[in-house]
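Under this note's numbering, the first residue of the sequence shown carries the number 1285, and numbering increases by one thereafter.
Think of the CB as a built atom: it goes at the ideal place given N, C-alpha and C, for glycine as much as any other residue.
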Amino acid sequence: MTSNYEAKINALREDALNIRRNVWRALRGAGSGHMGGSCSAADLLAALYFDHLRLRPQEPNWPGRDRFVLSKGHANAALGAALARAGFIDDSVLDQFYAYQSPFGMHPDIKMPGVEMSTGGLGHGLSVAIGMALGARMQGKDFRTVVMLGDGELQEGSNWEGAMAAAQFKLSNLTAILDYNKIQQSGPVAEMQDLEPLAEKFTAFGWAVREIDGHDMAAIVEALDALPHAADKPSMIIAHTVKGKGVSFAEDSFLWHNNLVTDEVYEKAMAELGDGA
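Structure below.
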């Protein structure tokens, strides 16, 4: 018999698997999409939406809710899958991915319940999240703000301007999570524009930094439960992940940053992920 904690971790793993299955489902309907970064973020999103974030799916604009910004907006298929499982949107919306006039597009749209910011142009989400966190402090609110960043996205200078500002304002109510899958659209991040030494950079910028395995659910939960990681600093969780996690032919390959999803490709992916609920 498992403990309550073990049962929670196992349930979150199933939530992550469900997100991955529904990423491929949504992309099959559209014929293409960004599976690589969606699947690398699935475990992180599961821990956020089904354990950490204080949310009310039936009241998506509840003033006391925690704010989540998906700055790496190309992973919207995973965000939509999480929102559907959490009850913000109907499951049928997943079959409208990238369809005409659908709120569930290739990138997040604030028209969809549960989405705090329309993103897609990389490098914007961190600064907006800083504004949310600063606004909470100025208004005496206790909601927390979490922003998920991509590694290729950190090649945008606006992120480093934001990183300086967040530390200057001592925003302990702000957490950034880096989905560090080390592959961007054109190839390995280290070959395009290397980010290392990354932890040392954010530490030097005044952040409290923790590195984890972004697919180890217990490690993710532990890092989130420990927030804030400093009383007077923003927190950065560097989550080491695998691009396309869960589907062997898509893992660690820039070719699957985004790609076509035929029925044959979908069936191969689902054979590895299973077709459970």
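When you compare only the Cα positions, how much space is there between residue i and residue j?
i: Phe1563; j: Met1554; result: Since the first residue shown for the chain is 1285 and the last is 1561, residue 1563 is missing from the structure and cannot be characterised.
i: Leu1251; j: Thr1546; result: It is not possible to answer for residue 1251, since the shown part of the chain is limited to 1285 through 1561.
i: Phe1486; j: Glu1548; result: 43 Å
i: Ser1456; j: Ala1492; result: 9 Å
i: Arg1421; j: Thr1459; result: 14 Å
i: Val1377; j: Asp1350; result: 23 Å
i: Gln1423; j: Gly1415; result: 12 Å
i: Ala1483; j: Ser1287; result: 34 Å
i: Val1430; j: His1358; result: 17 Å
i: Met1501; j: Phe1538; result: 25 Å
i: Met1285; j: Gly1528; result: Because the pLDDT of Met1285 is 47, which lies under 50, any placement of that residue in the model is unreliable, and the number read from its coordinates should be weighed accordingly. Roughly 33 Å between the two C-alpha positions.
i: Glu1535; j: Lys1552; result: 13 Å
Residue i by DSSP, collapsed to three states: which one?
i: Thr1487; result: helix
i: Met1432; result: strand
i: Met1396; result: coil
i: Asp1478; result: coil
i: Glu1495; result: strand
i: Gly1317; result: strand
i: Asp1463; result: strand
i: Gly1364; result: helix
i: Asn1345; result: coil
Which residues in the same chain have their Cβ closer than 6 Å to the Cβ of residue i, if we skip the five residues on either side of it in sequence?
i: Leu1406; result: Glu1437, Glu1440
i: Ala1365; result: Ile1303, Asn1306, Val1307
i: Ala1326; result: Ala1300, Ile1303, Arg1304, Ala1362
i: Asp1379; result: Gly1313
i: Asp1375; result: Ala1368
i: Asn1443; result: Gly1407, Leu1410
i: Met1520; result: Ala1460, Phe1486, Trp1491, Val1493
i: Ala1507; result: Arg1494, Ile1496, Ile1521
Of the residues the options, which one's Cα is nearest the Cα of residue i?
i: Val1412; options: Met1401, Arg1421, Arg1340; result: Met1401
i: Leu1418; options: Pro1397, Gly1434, Lys1454; result: Lys1454
Apart from the five residues just before and just after residue i, which ones in its own chain have a Cβ nearer than 8 Å to its Cβ?
i: Met1476; result: Gly1436, Gln1439, Gln1468, Ser1470
Quick one: residues in its chain with C-beta nearer than 7 Å to the C-beta of residue i, no 5 flanking neighbours on either side, listed in chain order?
i: Gly1530; result: Arg1304, Cys1323, Glu1556, Leu1557
i: Asp1497; result: Ala1503, His1524
Say yes only if the C-beta of residue i is nearer than 6 Å to one or more non-hydrogen atoms of the ligand NAD, and no if none qualify.
i: Glu1495; result: The ligand NAD is not among the ligands present in this structure, which contains no ligands whatsoever.
Mind reading off the beta-carbon distance from residue i to residue j? Whole number of angstroms is fine, and I expect it under 8 Å.
i: Lys1517; j: Gly1490; result: 6 Å
i: Phe1372; j: Pro1341; result: 5 Å
i: Val1526; j: Asp1335; result: Actually they do not touch by this definition, with Cβ atoms about 21 Å apart.
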